[in-house]
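Numbering (this note's numbering), first residue to last: 2 to 114. By construction, the Cβ of each residue, glycine as well, lies at the ideal position given by its N, Cα and C atoms.
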């Protein structure tokens, strides 16, 4: 079942630290994330998902972002997922507005995406 990507929120959250306010806006990953038209990916992939059946999917931006980071940084599936957990710039690039301490997905999910 398709999970729509949500745009990066600029609203503060009492319980989570906002990523963007703590990151260097001149970082190449921030600039690239703000340049890419992520809705193109949503539109291209949504036809492959059921709207009402099955388990909710991972956000398309997350999966596309991880695959782009994997290629840009020459990382394995396992390493890009681990780096996502450790690197707030990766998390911002993949559409997260708040820091997420856990793994975004299992590395094998990148193979099937």
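Residue i to residue j span [Cα, whole Å]
i: residue 75; j: residue 33; result: 17 Å
i: residue 109; j: residue 78; result: 7 Å
i: residue 106; j: residue 83; result: 10 Å
i: residue 20; j: residue 95; result: 12 Å
i: residue 59; j: residue 113; result: 12 Å
i: residue 55; j: residue 98; result: 27 Å
i: residue 53; j: residue 101; result: 27 Å
Three-way DSSP call (helix, strand, coil) for residue i in this model
i: residue 99; result: strand
i: residue 50; result: coil
i: residue 87; result: helix
i: residue 31; result: helix
i: residue 43; result: helix
Closest residue to residue i among the options (Cα-Cα distance)
i: residue 71; options: 23, 91 and 35; result: 91
i: residue 37; options: 66, 100, 26 and 87; result: 66
Strand pairing of residue i, partner residues [DSSP]
i: residue 19; result: 99
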